[in-house]
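Asks: I'd like to ask you about the structure that follows.
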Amino acid sequence: MSRLMMGAAALALMAGGASAQELQLYNWGNYTSPELLAKFEAETGIKVTVTDYDSNDTALTKIEAGAHGFDMVVPSANYVPIFVAKGLLMEVDYSAMENFSNLDPRWVDVPWDQGRRYTIPWQWGTTGVAVNTSVYDGDPNTSDIWLNPPEALKGKINVVPEMNDVMALAILYEGGQPCTTDRELLRRVRDRLMEAKQSWMSMDYGMTERLGAADVAASVNWNGSTFRARLLNPDVVYGYPKEGYPLWMDSVGILSDARNVEEAKTFINFIMAPENAAMISNFARYANGVTGSEAFMDDVMKEAPEIFPSPELAAAGVFLPTCPSEAVQFYTAIWTELQK
Amino acid sequence: MADAPMRRTRPFSVTAMPGFATVAAATILCLYAPILVVVAYSFNAGASIQVWEGFSLRWYAVAWDNGAVQDATARSLALAASASAIATTLATMAAVATARGRFRGRTAVYVAINQPLMAPEIVTAVALLIVFAQVKLITGVQGLGYLIAAHAAFCIPFAYLPIRARLKGLDPLLETAAADLYATPWRTFRRITLPLMGPGIAAGAMLAFVISLDDVIITEFVKSAGQDTLPTYMLGQLRRAMTPEINAISTALLGATLVLLTCFFLLTRTRDN
Amino acid sequence: MSLAPSDAEAAARAAQARRRWLLTLPALILLFCAASGPLLVVALYSFLTAGEYSGVEWTFTLDAWRQVFWTKDIFDDVWRPADAHLSIFWRSIRLSLLTTLITLLLGFPTAWFIATRPRRNRALWLFLITIPFWTNLLIRTFAIMEVIRNQGVLNTLLLWSGAITEPVQILYTDAAVLIGMAYVYLPLMVLPLYAAMERVDLRLVEAAHDLYASRWRVLRRVIVPLVRPGLVAGSILVFVPAIGAYVTPRVLGGGRNMMLGNFIELQFGQGRNWPLGAALSMTLLLMVAVALILYVRYAEGEERDG
Numbered sequence: 001m002s003r004l005m006m007g008a009a010a011l012a013l014m015a016g017g018a019s020a021q022e023l024q025l026y027n028w029g030n031y032t033s034p035e036l037l038a039k040f041e042a043e044t045g046i047k048v049t050v051t052d053y054d055s056n057d058t059a060l061t062k063i064e065a066g067a068h069g070f071d072m073v074v075p076s077a078n079y080v081p082i083f084v085a086k087g088l089l090m091e092v093d094y095s096a097m098e099n100f101s102n103l104d105p106r107w108v109d110v111p112w113d114q115g116r117r118y119t120i121p122w123q124w125g126t127t128g129v130a131v132n133t134s135v136y137d138g139d140p141n142t143s144d145i146w147l148n149p150p151e152a153l154k155g156k157i158n159v160v161p162e163m164n165d166v167m168a169l170a171i172l173y174e175g176g177q178p179c180t181t182d183r184e185l186l187r188r189v190r191d192r193l194m195e196a197k198q199s200w201m202s203m204d205y206g207m208t209e210r211l212g213a214a215d216v217a218a219s220v221n222w223n224g225s226t227f228r229a230r231l232l233n234p235d236v237v238y239g240y241p242k243e244g245y246p247l248w249m250d251s252v253g254i255l256s257d258a259r260n261v262e263e264a265k266t267f268i269n270f271i272m273a274p275e276n277a278a279m280i281s282n283f284a285r286y287a288n289g290v291t292g293s294e295a296f297m298d299d300v301m302k303e304a305p306e307i308f309p310s311p312e313l314a315a316a317g318v319f320l321p322t323c324p325s326e327a328v329q330f331y332t333a334i335w336t337e338l339q340k
Numbered sequence: 001m002a003d004a005p006m007r008r009t010r011p012f013s014v015t016a017m018p019g020f021a022t023v024a025a026a027t028i029l030c031l032y033a034p035i036l037v038v039v040a041y042s043f044n045a046g047a048s049i050q051v052w053e054g055f056s057l058r059w060y061a062v063a064w065d066n067g068a069v070q071d072a073t074a075r076s077l078a079l080a081a082s083a084s085a086i087a088t089t090l091a092t093m094a095a096v097a098t099a100r101g102r103f104r105g106r107t108a109v110y111v112a113i114n115q116p117l118m119a120p121e122i123v124t125a126v127a128l129l130i131v132f133a134q135v136k137l138i139t140g141v142q143g144l145g146y147l148i149a150a151h152a153a154f155c156i157p158f159a160y161l162p163i164r165a166r167l168k169g170l171d172p173l174l175e176t177a178a179a180d181l182y183a184t185p186w187r188t189f190r191r192i193t194l195p196l197m198g199p200g201i202a203a204g205a206m207l208a209f210v211i212s213l214d215d216v217i218i219t220e221f222v223k224s225a226g227q228d229t230l231p232t233y234m235l236g237q238l239r240r241a242m243t244p245e246i247n248a249i250s251t252a253l254l255g256a257t258l259v260l261l262t263c264f265f266l267l268t269r270t271r272d273n
Numbered sequence: 001m002s003l004a005p006s007d008a009e010a011a012a013r014a015a016q017a018r019r020r021w022l023l024t025l026p027a028l029i030l031l032f033c034a035a036s037g038p039l040l041v042v043a044l045y046s047f048l049t050a051g052e053y054s055g056v057e058w059t060f061t062l063d064a065w066r067q068v069f070w071t072k073d074i075f076d077d078v079w080r081p082a083d084a085h086l087s088i089f090w091r092s093i094r095l096s097l098l099t100t101l102i103t104l105l106l107g108f109p110t111a112w113f114i115a116t117r118p119r120r121n122r123a124l125w126l127f128l129i130t131i132p133f134w135t136n137l138l139i140r141t142f143a144i145m146e147v148i149r150n151q152g153v154l155n156t157l158l159l160w161s162g163a164i165t166e167p168v169q170i171l172y173t174d175a176a177v178l179i180g181m182a183y184v185y186l187p188l189m190v191l192p193l194y195a196a197m198e199r200v201d202l203r204l205v206e207a208a209h210d211l212y213a214s215r216w217r218v219l220r221r222v223i224v225p226l227v228r229p230g231l232v233a234g235s236i237l238v239f240v241p242a243i244g245a246y247v248t249p250r251v252l253g254g255g256r257n258m259m260l261g262n263f264i265e266l267q268f269g270q271g272r273n274w275p276l277g278a279a280l281s282m283t284l285l286l287m288v289a290v291a292l293i294l295y296v297r298y299a300e301g302e303e304r305d306g
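Residue numbers (full-length UniProt numbering), protein chains in the order written: chain V, 1 to 340; chain F, 1 to 273; chain Z, 1 to 306.
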């Protein structure tokens with residue numbers, strides 16, 4: 001029986017391999033617009049198959065193990081250097097591509113990929129705080145919301161269980177820099193988190209709906225999710241903590257052991273066209289890095305304060321660097337104590 | 001049952017236990033309560049699985065148009081069917097050989113067969129990823145076989161334990177008697193042991209099927225490009241927002257199962273009459 | 001050449017032993033290739049050093065094993081007993097035991113009910129029990145969330161009936177994790193119990209009644225001993241996987257309090273400490289294996305059949 005199945009599977013694979021134009025994209029779940037892929041296939045004849053992952057670590061572990069069959073992956077900024085250091089991403093002269101000039105210059109010389117030799121922006125966003133103004137109508141642009149919460153919010157707060165983002169927010173709140181190994185500062189961070197935890201209801205994902213249904217009154221949350229929550233419940237606002245907050249960007253790159261390199265390059269050039277980049281944003285509700293794509297976005301997105309912050313709020317955003325293992329050890333120890 | 005003691009006035013059933021039927025009814029109701037929620041939200045007009053915005057068939061249309069999610073569903077079912085078939089066969093053989101009698105290495109075999117229960121999924125997942133990737137690199141063989149092997153392996157204890165529990169109580173005299181009547185071991189097995197094991201095998205196979213259908217972490221790590229199953233497809237959505245699309249698919253599956261079951265039930269009933 | 005009777009017996013026994021191993025071997029081979037064998041790699045990792053960016057470096061050390069039981073305080077570098085790990089271990093064991101108990105209390109009557117239905121309806125009842133589990137685990141877990149959340153079905157019903165005046169916070173508590181795990185693991189208890197009960201000779205139960213035993217006594221002295229193998233199988237199938245549970249505690253517990261499965265996942269994921277994750281898993285595995293052996297020996301008692 002098993003031999004039969006394996007034989008059948010092997011046959012199916014051979015048949016699949018014979019069809020010329022295909023592309024295997026390994027991306028975050030629910031992150032790739034099906035319309036985008038349909039349009040790409042219609043224009044180029046290349047069929048894109050998407051396989052999902054749910055965390056950078058899973059993607060990294062799987063790609064590193066090898067023999068995965070993927071052509072492209074979309075890691076976050078702080079994981080791109082790890083992928084590069086391990087030799088998992090192919091160096092490509094993206095700047096020679098026709099649509100490269102569409103990239104917002106702000107996203108070209110980024111610290112994690114100087115000059116964009118390995119990756120091209122997919123989407124970017126922020127991790128801030130969402131507040132239901134019918135419960136608390138004070139200033140939302142502060143981490144006080146979850147680290148030193150006002151009486152009205154106590155017991156109604158959620159924190160997304162994302163160690164890197166949460167630790168970075170707390171460290172910035174205490175006046176440090178992400179990846180710090182300053183023990184005095186980390187002690188304050190730990191004490192602050194332990195005390196604040198008393199006022200939290202949960203540490204969970206899926207806040208679009210919980211905020212929308214007013215099950216939680218405030219949450220550390222991503223901007224796109226908060227935007228969607230506001231569409232469900234107009235009382236929800238997104239705050240950019242003035243003490244500092246993490247910026248993140250997921251970027252798509254070609255794997256060094258990709259089998260369909262030319263198709264992958266065609267795809268990457270394709271998504272740097274403004275109308276195509278807008279399709280990515282319209283689907284997942286985050287900004288992309290392509291100039292002029294705003295014109296093609298849905299009207300609700302164009303003026304969304306969650307997606308496009310005002311300059312003074314944008315200034316406090318910090319890109320998370322790739323932390324060395326010593327800092328990760330500190331993070332994990334504090335995180336474990338927080339959740340024990 | 002006919003010779004129940006006369007002093008009882010109510011019709012007496014030896015099998016009835018006070019309150020058991022009530023608990024059973026309540027349990028079955030509780031099992032279906034969340035499923036009703038799943039079904040209800042599959043008809044939600046909004047994009048949420050927890051905020052009701054009115055009735056619509058929108059998500060059935062979305063699921064109908066979404067080739068990726070249909071592939072994932074079909075892959076999940078095929079995987080569960082083949083893995084549970086393999087696991088049940090191997091587990092039945094192992095149970096026949098090891099459920100009864102004392103022999104050297106009995107404890108070791110027992111622990112070996114139940115090992116997949118003991119390791120947290122993530123550990124097995126990482127281990128399989130590393131080893132299977134090497135096998136793929138060396139042999140060049142890709143395909144669904146790896147997922148089937150991994151699923152079949154962790155399904156074995158789920159099939160083995162019910163079958164073993166069933167066999168343990170069987171009277172070995174029945175088989176000895178058959179052997180004494182010069183039945184070959186195979187004949188004895190086919191005519192005596194196997195029919196007696198029936199309910200154990202059915203229970204084991206159902207468990208294996210359900211366990212395979214639910215698995216997410218091992219699948220997430222073992223799958224290659226283009227091998228998403230329904231659970232891994234959903235896991236990818238956990239951080240963002242889940243839409244009632246999955247509810248629609250689950251409901252459709254549920255409906256199909258119920259139709260099949262009803263047909264099966266009606267068919268067997270007419271034959272009985 | 002003629003065999004002495006003892007020789008014939010020995011030969012028969014050897015043939016039986018050979019058959020035993022031949023029948024068991026396929027399962028053992030598959031298990032070795034696709035489960036236990038690869039775990040040896042992880043066992044090896046527990047003796048290595050954590051890599052800078054996940055993975056391992058090939059330097060031998062016992063650090064990971066020390067970290068299971070002791071932690072170096074990040075603030076004063078003093079090694080102390082790892083009470084965070086202990087409390088996570090303890091919570092996992094406690095919740096798993098409670099889950100086993102709840103599934104037993106609900107599952108035993110349910111299995112008995114099914115086993116005593118007319119023969120041709122039993123398969124149908126079994127299907128009725130398993131069909132809810134054809135719906136994916138994550139979706140089921142979210143559906144439970146919908147039932148128990150503050151504005152959910154349960155609280156609405158209770159408020160409406162007047163039993164409570166304001167919603168009870170169930171979601172994101174240990175109670176929610178228990179409800180979820182009991183739900184998820186219920187069929188693992190019911191099915192083995194059913195398999196064992198189905199073959200209970202009702203004449204024994206009848207005889208006990210004829211001897212004027214109370215129903216409770218019949219249950220305790222006749223039925224439970226007869227279905228003991230099913231009880232053992234069911235409790236193992238619930239308890240052991242529950243200890244390493246990941247999805248249910250993460251979704252329903254609100255992630256404020258980790259269970260072992262989540263803690264180990266953290267080491268392999270964002271914590272980037274594979275050796276510690278490996279050592280924790282091996283600790284769990286050894287603990288469970290020993291407990292399993294002791295439990296099976298105790299619960300099944302001496303072999304009566306030969």
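C-beta: ideal position from N, C-alpha, C; glycine also.
Return the first residue and the last residue of the beta strand (DSSP E) that Glu22/V is part of.
Replies: Element bounds for Glu22/V: Glu22 to Trp28.
Asks: Under a three-way DSSP split, which group does Asp144/V fall into?
Replies: Three-state DSSP puts Asp144/V in a helix.
Asks: For Asp71/F and Leu213/F, I'd like the C-alpha separation in whole angstroms.
Replies: Distance between the alpha carbons of Asp71/F and Leu213/F is about 14 Å.
Asks: DSSP three-state label for Ala4/F, please.
Replies: Annotation note: pLDDT 44 at Ala4/F (below 50); position unreliable, coordinate value reported separately. If DSSP states are grouped into helix, strand and coil, Ala4/F belongs with coil.
Asks: How many angstroms separate the CA atom of Ala195/Z from the CA atom of Val247/Z?
Replies: Cα to Cα, Ala195/Z sits roughly 28 Å from Val247/Z.
Asks: Could you check whether the Cβ of Ser54/Z sits closer than 8 Å to any Cβ belonging to chain V?
Replies: Yes, because at least one Cβ of chain V sits closer than 8 Å to the Cβ of Ser54/Z.
Asks: Could you give the residue range of the beta strand (DSSP E) that holds Ser219/V?
Replies: From DSSP, the beta strand (DSSP E) with Ser219/V extends over Ala218 to Trp222.
Asks: Given a threshold of 16 other Cβ atoms within 10 Å of its Cβ, counted over all protein chains shown, does Tyr79/V qualify as buried or as exposed?
Replies: Buried: at least 16 other Cβ atoms inside 10 Å.
Asks: Should the region 205-218 of chain Z be regarded as contacting the region 205-220 of chain F, the criterion being three or more beta carbon pairs within less than 8 Å?
Replies: Not touching, per the Cβ criterion.
Asks: Please list the partners that Leu54/F has in chain Z, where partner means a Cβ-to-Cβ separation under 7 Å.
Replies: Per the sequence shown, residue 54/F should be read as Gly rather than Leu. Neighbours of Gly54/F on chain Z: none; closest Cβ ~17 Å, over 7 Å.
Asks: Please list the terminal residues of the continuous alpha helix (DSSP H) segment that includes Val69/F.
Replies: From DSSP, the alpha helix (DSSP H) with Val69/F extends over Gly67 to Thr98.
Asks: Buried or exposed: Asp299/V, going by 16 or more other Cβ atoms within 10 Å of its Cβ?
Replies: Per the 10 Å Cβ criterion, exposed.
Asks: Closer than 8 Å, CB to CB, is Arg58/F near chain V or not?
Replies: False, the Cβ-Cβ gap to chain V never drops below 8 Å.
Asks: Exposed or buried, what is Ser6/Z when buried is set at 16 or more other beta-carbons lying within 10 Å of its beta-carbon?
Replies: Looking at its Cβ environment, which holds fewer than 16 other Cβ atoms inside 10 Å, Ser6/Z is exposed.
Asks: May I have the straight-line CA-CA distance separating Leu23/Z from Leu90/F, to the nearest angstrom?
Replies: Each residue's Cα considered, the two are about 8 Å apart.
Asks: Spell out whether any CB of chain Z is found under 8 Å from the CB atom of Trp122/V.
Replies: Judged by the 8 Å Cβ criterion, Trp122/V is not in contact with chain Z.
Asks: Short check: CB of Leu89/V to CB of Ala264/V, under 8 Å?
Replies: No, the pair does not count as a contact, with Cβ atoms beyond the cut-off.
Asks: For a contact meaning CB atoms closer than 8 Å, what does Glu209/V contact in chain F?
Replies: Under the 8 Å cutoff, chain F gives Ser48, Ile49, Gln50, Val51 and Ala241.
Asks: Establish whether the CB of Asp54/V and some CB of chain F are separated by less than 8 Å.
Replies: Interface residue, yes.
Asks: Whole angstroms are fine: how far does the CA of Val238/Z sit from the CA of Leu260/F?
Replies: Straight-line Cα distance between these residues: approximately 29 Å.
Asks: Which residue marks the beginning of the alpha helix (DSSP H) containing Gly317/V, and which one marks its end?
Replies: Note, Gly317/V: premise wrong, no alpha helix (DSSP H); beta strand (DSSP E) at Gly317 to Phe319.
Asks: Cutting at 6 Å between CB atoms, please list the residues of its own chain near Leu193/V, excluding the five before and the five after it.
Replies: Ala170 and Leu338.
Asks: In chain order, what are the residue ranges of uninterrupted alpha helix (DSSP H) at least 4 long that sit wholly in the region 214-263 of chain F?
Replies: Whole alpha helix (DSSP H) segments, 4+ residues: 217-222 and 230-235.
Asks: Could you tell me the boundaries of the alpha helix (DSSP H) in which Asn121/Z lies?
Replies: Its alpha helix (DSSP H) spans residues Arg119 to Thr130.
Asks: Which value, in whole angstroms, describes the spacing of the CA atoms of Ala133/F and Ala34/Z?
Replies: Rounded to whole angstroms, Ala133/F to Ala34/Z spans 12 Å at the Cα level.
Asks: Does Ala213/Z come out as helix, strand or coil in the three-state DSSP assignment?
Replies: If DSSP states are grouped into helix, strand and coil, Ala213/Z belongs with coil.
Asks: For Trp90/Z, name the three-state secondary structure that DSSP assigns.
Replies: Helix.
Asks: State the DSSP-derived secondary structure class of Asn132/V, mapped to helix, strand or coil.
Replies: Of the three classes helix, strand and coil, the one that applies to Asn132/V here is strand, per DSSP.
Asks: Using a 10 Å radius around the Cβ and a threshold of 16 neighbouring Cβ atoms, would you call Phe154/F buried or exposed?
Replies: Per the 10 Å Cβ criterion, buried.
Asks: By a C-beta neighbour count over all protein chains shown, 10 Å radius and 16 as the cutoff for buried, is His263/F buried or exposed?
Replies: This sequence places Cys at residue 263/F; His is not what is there. So Cys263/F counts as exposed.
Asks: Go ahead and pull the three-state DSSP assignment for Gln123/V.
Replies: Here Gln123/V sits in strand by DSSP.
Asks: Using the C-alpha atoms, what's the distance from Ile192/F back to Ala208/F?
Replies: Straight-line Cα distance between these residues: approximately 24 Å.
Asks: Hey, Asn102/V and Val290/V are a contact pair by Cβ (cut 8 Å); roughly how many whole angstroms apart?
Replies: About 5 Å separates the two Cβ atoms, so the contact holds.
Asks: Mind checking who Thr49/Z pairs with in its DSSP beta bridge?
Replies: DSSP lists Glu57/Z as partners of Thr49/Z.
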